[in-house]
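J.:
There are 2 protein chains.
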Amino acid sequence: MQMDRPIPTLDDVAKAAKVSTATVSRCINLPDRVAKATLDRVNRSIIALGYTPNFGARVMAAKRTMTVGAIIPTMENAVFAKGLQAFQEELHSHGYTLLVSSSAYDPDLEIEQIRALVSRGADALLLIGYDRDPSIYEYLKQQNVPVLIAWAFSRDQDQPSIGFDNRRSMYRLARHVIDLGHSQIGVISGIVKGNDRAAERLEGIRDALRDSGLDPRDLQIIETPYDIRNGQDALDRLMQVNPRITVVMCGNDVLAAGALNRARTRGLTVPDDLSITGFDDIDIAEIVTPSLTTVHVPHREMGRKAAMTLVNILKNSDSTGSLELQANLKIRNSLGVPPVQDLHD
Amino acid sequence: MQMDRPIPTLDDVAKAAKVSTATVSRCINLPDRVAKATLDRVNRSIIALGYTPNFGARVMAAKRTMTVGAIIPTMENAVFAKGLQAFQEELHSHGYTLLVSSSAYDPDLEIEQIRALVSRGADALLLIGYDRDPSIYEYLKQQNVPVLIAWAFSRDQDQPSIGFDNRRSMYRLARHVIDLGHSQIGVISGIVKGNDRAAERLEGIRDALRDSGLDPRDLQIIETPYDIRNGQDALDRLMQVNPRITVVMCGNDVLAAGALNRARTRGLTVPDDLSITGFDDIDIAEIVTPSLTTVHVPHREMGRKAAMTLVNILKNSDSTGSLELQANLKIRNSLGVPPVQDLHD
DNA sequence: GAATCGTATGTAAGCGCTTACAACGTCGGA
DNA sequence: TCCGACGTTGTAAGCGCTTACATACGATTC
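Residue numbers (the numbering used here), protein chains in the order written: chain A, 45 to 389; chain B, 45 to 389.
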């Protein structure tokens, strides 16, 4: 039942308004260079015809799209949500449109998505973390698309980035845990492969053990994708492998929420019997019972600053722009001192 | 420091492989219509030059993009996340790329995003809920872009859709609540304006009251954006307005999680002192304490089926395709019988 | 009143790709 | 030996838009 009325083009508008295509184009892009009367006439025709510029054509002719792409590992949990929202808001205020796609933590899919976004004319890209095949960076450079790395910050990388030091932040949390008296530490980490943030957080814990005279090899580590259910399962396995664990440090709040929940259904009181920590400080950290001691990541600030940086890079293609933010401990109630150990070893 | 090596084009590849541009184009799009030897040669050149097709040009010449756009009200919470993930997976398996953007529950922003996605060549669009200015549907029709509505289903709408009956689902939950003996009911609803799902859910509760001989006007309703914090605040206000409320029905799990949390910090035991219900059955519903009685929405199924339907519409532009799914009660622990009332009224 | 300038508009050349159509072997069958 | 058919490749015409450049026409200036 489609009428299939052909989609109006610049030409149609030009005819309707009895001007040249150039004039119509100017009405849209540089309205002040057009006489008021003409402008009005053209605008009326545009509305009458319901004209929308064809983006492909526009990109091709003008070579910029006012579009920024972001590829995040997942939309399934709120880890990137807040930051992305802020990112979009800030971009929007500068006239840019954000297009998002998710790689499901799959490097190949990520490459695909990058190519899709680039060939669709993204003026710039926001990517999470550094860790990816170098050829991707080359490709992006060749295509002349600036990239900004977010959610991570390291001095040793040359990509411009905005984020925080995952390793140091987790280190601080681990030190705090150890200072409280814990020495039997279990870890539920995200999958480290292809995820530098997860890897760094893990290293942060190891660093802390070393600095405290403990042996990182004693760490019980379970690696599992970020998901509440996996957090639950991992807790079971951890307690099975080593029931003497007094604290479980989790790679993020999602895992921690799962672990916390399972600990309770196992009849453990948190933090009296077992302490649990998270990372990220997403919304649920505050509402689980007990509330989660975690590392607060300044999501919104990161998103906003990322947008500002990118806009800057786009304006004056110089701008180095790496920026480190602070992620501080957020002390709540899921972490306490270790329980008094049974004496019969 | 940019080398600014120009981006390779089809032409460059053609020259490098010593064939015409037509042949290169064929190698990419219809490889079987090209002699094996030529194909290999061309492919080598493509790789050597690091060529990626220019999307804009391609769209312009070919008029289809294998891209589907989705505009969701928010990425901040997990309500749409699971469904969208499934949507993307299914689309991907059919060769489509998904581009997402978020409207932040703002109708104007949504229009903007729709135009952005359309002019960027989306072959089809996924939109959440029916409720939007009719001119948008006209525009989409004129632009020849099929739309699918998700997360809602109603027989009275002519847009093809895939979802469930929000009103009936909430009705069932409300009936259950009332059957348990509750009559002093508080409601924390999402913002109803521009959100037919929120509106329908609210109506569902009213229907249930009516059918049970109660007066819907006795309902204490607080309308607030979906956000954990708002759920917390709303609970406070509700208890202040009418402390005799025995159950709080929430428009979704996010609000419910907030309400639950606040109820506990107020010293109320859930569900002995106060019952709380949610809607959606997102991950947190299971891990909050006590776990949330809610309405289970088949997120993944909805996402997958939405993708399948859309792909179908794109193939044979007929396909009506509306599909209703079931959203069933998920009984957990946050809902119980009302406490015995004090006798001194 | 002619020379100069500025503003408003038009002309037309691409941007990089797809695809209808034409051209060119090459092979088999009559 | 010649012809038609087929498989492979080339030619070239757009797709809808932007923009450098050309043009036209008043308004200023001397």
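Cβ atoms here follow ideal geometry from the backbone N, Cα and C, with glycine treated the same way.
If you drop the 5 nearest sequence neighbours on each side, which residues of the same chain put their C-beta closer than 6 Å to that of residue 332 of chain A?
T.: Counting from 1 along the first sequence, the entry for residue 332 of chain A is found at position 288. Here the set comprises 301, 304.
J.: What residue range does the alpha helix (DSSP H) around residue 359 of chain A cover?
T.: On the first sequence, position 315 is the one that residue 359 of chain A refers to. 343 to 359 is the span of the alpha helix (DSSP H), which, as asked, contains residue 359 of chain A.
J.: Can you give the Cα-Cα distance for residue 207 of chain B and residue 117 of chain B, rounded to whole angstroms?
T.: Here residue 207 of chain B corresponds to residue number 163 of the second sequence, with the count starting at 1. Here residue 117 of chain B corresponds to residue number 73 of the second sequence, with the count starting at 1. When rounded, the distance between both Cα atoms is 16 Å.
J.: What does a CB cutoff of less than 6 Å around residue 109 of chain A pick up in its chain, not counting 5 residues either side in sequence?
T.: Taking the first sequence and counting its residues from 1, one reaches residue 109 of chain A at position 65. Only 103, 165, 167 meet the Cβ criterion.
J.: On the premise that residue 315 of chain A lies in contact with residue 379 of chain A, defined as a C-beta separation below 8 Å, what is that separation, rounded to the nearest angstrom?
T.: Sequence index remark: in the first sequence, residue 379 of chain A carries index 335 (1-based). Sequence index remark: in the first sequence, residue 315 of chain A carries index 271 (1-based). Confirmed, Cβ separation roughly 6 Å.
J.: Beta-carbon of residue 66 of chain A versus every beta-carbon of chain B: anything under 8 Å?
T.: Walking along the first sequence from the start, residue 66 of chain A turns up at place 22. Residue 66 of chain A does not count as touching chain B.
J.: So, do the segment 185 to 205 of chain A and the segment 218 to 233 of chain A have three or more beta carbon pairs nearer to each other than 8 Å?
T.: At 8 Å Cβ cutoff, the stretches do not touch.
J.: What are the complete alpha helix (DSSP H) segments, minimum 4 residues, inside the segment 148 to 219 of chain A?
T.: Complete alpha helix (DSSP H) runs here, min 4: 151 to 163, 178 to 186.
J.: Which of the residues in the segment 151 to 171 of chain A, read from start to end, lie with their CB under 9 Å from any CB of chain B?
T.: If the cut-off is 9 Å between Cβ atoms, the segment 151 to 171 of chain A has 153, 156, 157, 159, 160, 161, 162, 163, 164, 165 near chain B.
J.: State yes or no: is the beta carbon of residue 141 of chain A nearer than 8 Å to at least one beta carbon in chain B?
T.: Residue numbering aside, residue 141 of chain A sits at position 97 when the first sequence is read from its first letter. Chain B, which has a Cβ nearer than 8 Å to the Cβ of residue 141 of chain A, makes this yes.
J.: Of all the CB atoms in chain A, is at least one closer than 8 Å to the CB of residue 126 of chain B?
T.: Translated into the one-based positions of the second sequence, residue 126 of chain B becomes position 82. Yes, residue 126 of chain B lies at the interface with chain A (some Cβ there is under 8 Å from its Cβ).
J.: Here's a check: name, in chain order, each residue in its chain whose Cβ is nearer than 6 Å to the Cβ of residue 291 of chain A, leaving out the five neighbours to either side.
T.: By one-based count along the first sequence, residue 291 of chain A stands at place 247. 221, 226, 229, 319, listed in sequence order.
J.: How long is the line joining the alpha carbons of residue 282 of chain A and residue 374 of chain B, rounded to whole angstroms?
T.: Residue mapping note: residue 282 of chain A aligns to position 238 of the first sequence, counting from 1. Residue mapping note: residue 374 of chain B aligns to position 330 of the second sequence, counting from 1. Each residue's Cα considered, the two are about 30 Å apart.
J.: For the structure I just gave you, are there three or more beta carbon pairs, one from the segment 156 to 165 of chain A and one from the segment 91 to 100 of chain B, closer than 8 Å?
T.: The segment 156 to 165 of chain A, when compared against the segment 91 to 100 of chain B, does touch it at the 8 Å Cβ threshold.
J.: Note down, one range per segment and in chain order, each beta strand (DSSP E) of at least 3 residues found wholly within the segment 212 to 257 of chain B.
T.: Complete beta strand (DSSP E) runs here, min 3: 229 to 233.
J.: Assign residue 381 of chain B to buried or exposed, taking buried as 16 or more other Cβ atoms, counted over all protein chains shown, within 10 Å of its Cβ.
T.: Taking the first residue of the second sequence as 1, we reach residue 381 of chain B at position 337. By the neighbour-count rule (16 or more Cβ atoms within 10 Å), residue 381 of chain B is not buried but exposed.
J.: From B/250, B/105, B/259, B/327, pick the residue whose C-alpha is nearest to that of residue 293 of chain B; which is it?
T.: Locating residue 293 of chain B in the second sequence gives position 249, counting from the first residue. Measuring from the Cα of residue 293 of chain B, the nearest candidate turns out to be B/250.
J.: To the nearest angstrom, report how far apart residue 215 of chain A and residue 252 of chain A are at their CA atoms.
T.: Sequence index remark: in the first sequence, residue 215 of chain A carries index 171 (1-based). Sequence index remark: in the first sequence, residue 252 of chain A carries index 208 (1-based). Looking at the two C-alpha atoms, the distance is approximately 5 Å.
J.: Comparing C-alpha positions only, which one of A/262, A/270, A/296 sits nearest to residue 285 of chain A?
T.: If you number the first sequence from 1, residue 285 of chain A lands on position 241. Considering only alpha carbons, the answer is A/262.
J.: Just to confirm, are residue 120 of chain A and residue 129 of chain B a CB contact at a threshold of 8 Å?
T.: Taking the first residue of the first sequence as position 1, residue 120 of chain A is located at position 76. Taking the first residue of the second sequence as position 1, residue 129 of chain B is located at position 85. It is a contact, given that the beta carbons lie within the stated cut-off.
J.: With a threshold of 7 Å on Cβ separation, who are the neighbours of residue 272 of chain A within its own chain once the five nearest residues in sequence on each side are excluded?
T.: Taking the first residue of the first sequence as 1, we reach residue 272 of chain A at position 228. Cβ neighbours of residue 272 of chain A beyond the five flanking positions: 298, 301, 302.
J.: Any beta-carbon of chain B closer than 8 Å to the one on residue 296 of chain A?
T.: Reading the first sequence from its first residue, position 252 is the one you call residue 296 of chain A. No, because no Cβ of chain B sits closer than 8 Å to the Cβ of residue 296 of chain A.
J.: Can you list, in chain order, the residues of its chain whose CB lies under 7 Å from that of residue 46 of chain A, leaving out five sequence neighbours each side?
T.: Start at 1 with the first residue of the first sequence, and residue 46 of chain A comes out as number 2. Because residue 46 of chain A carries a pLDDT of 39, less than 50, the predicted location of this residue cannot be relied on, and no value is offered for it.
J.: Quick check on the burial criterion: 16 or more other C-beta atoms within 10 angstroms. Buried or exposed for residue 389 of chain B?
T.: As a working note, residue 389 of chain B is residue 345 in the second sequence. Per-residue confidence for residue 389 of chain B stands at a pLDDT of 47, beneath the threshold of 50, marking its modelled position as unreliable; the derived number appears in the next sentence. It is exposed - the Cβ of residue 389 of chain B has fewer than 16 other Cβ atoms within 10 Å.
J.: Return the Cβ separation of residue 321 of chain B and residue 337 of chain B in integer angstroms, given the expectation that the two are a contact with Cβ distance under 8 Å.
T.: The residue given as residue 321 of chain B occupies position 277 in the second sequence. The residue given as residue 337 of chain B occupies position 293 in the second sequence. Residue 321 of chain B to residue 337 of chain B, Cβ: 5 Å. Contact.
J.: Who does residue 293 of chain A pair with in a DSSP beta bridge?
T.: Start at 1 with the first residue of the first sequence, and residue 293 of chain A comes out as number 249. In DSSP, residue 293 of chain A forms a bridge with A/231, A/321.
J.: At a CB-CB cut-off below 7 Å, which residues of chain B make contact with residue 89 of chain A?
T.: For the purposes of this step, residue 89 of chain A is taken as residue 45 along the first sequence, with counting starting at 1. Within chain B, no residue comes near residue 89 of chain A; the closest Cβ sits about 15 Å away, beyond 7 Å.
J.: May I have the straight-line CA-CA distance separating residue 242 of chain B from residue 248 of chain B, to the nearest angstrom?
T.: Indexing the second sequence from 1 puts residue 242 of chain B at position 198. Indexing the second sequence from 1 puts residue 248 of chain B at position 204. If you take the alpha carbons of residue 242 of chain B and residue 248 of chain B, they lie about 10 Å apart.
J.: Using the three-state DSSP reduction, which class does residue 132 of chain A fall into: helix, strand or coil?
T.: Along the first sequence, one-based indexing puts residue 132 of chain A at 88. Residue 132 of chain A falls in the helix class under three-state DSSP.
J.: Which residues in the same chain as residue 280 of chain B place their Cβ atom closer than 8 Å to its Cβ, once the five residues preceding and following it in sequence are excluded?
T.: Position 236 of the second sequence holds residue 280 of chain B. Correct list, in chain order: 306, 310.
J.: Shortest alpha-carbon distance to residue 132 of chain B belongs to which of B/202, B/144, B/87?
T.: Here residue 132 of chain B is taken as the residue at index 88 of the second sequence, counted from 1. Comparing Cα-Cα distances from residue 132 of chain B to each of B/202, B/144, B/87, the minimum goes to B/144.
J.: Could you have a look at residue 44 of chain A and say whether DSSP puts it in helix, strand or coil?
T.: In this structure chain A extends from 45 to 389, so residue 44 of chain A is not present and cannot be described.
J.: Against chain B, does residue 269 of chain A count as a neighbour if the rule is that its beta carbon must be under 8 Å from one of theirs?
T.: By 1-based counting over the first sequence, the position of residue 269 of chain A is 225. Judged by the 8 Å Cβ criterion, residue 269 of chain A is not in contact with chain B.
J.: Buried or exposed: which applies to residue 276 of chain B, given that a residue is buried once 16 or more other Cβ atoms fall within 10 Å of its Cβ?
T.: Position 232 of the second sequence holds residue 276 of chain B. With 16 or more Cβ atoms within 10 Å of its Cβ, residue 276 of chain B is classed as buried.
J.: To the nearest angstrom, report how far apart residue 48 of chain B and residue 183 of chain A are at their CA atoms.
T.: By 1-based counting over the second sequence, the position of residue 48 of chain B is 4. By 1-based counting over the first sequence, the position of residue 183 of chain A is 139. Bear in mind that a pLDDT of 49 at residue 48 of chain B, under 50, signals an unreliable position, so the number given afterwards is only what the model happens to contain. Taking the straight line joining both Cα atoms gives about 12 Å.
J.: Could you pull the start and end residues of the beta strand (DSSP E) that residue 145 of chain B belongs to?
T.: The count along the second sequence starts at 1 and reaches residue 145 of chain B at position 101. It spans 141 to 146 - the beta strand (DSSP E) in which residue 145 of chain B sits, taken as one unbroken run.
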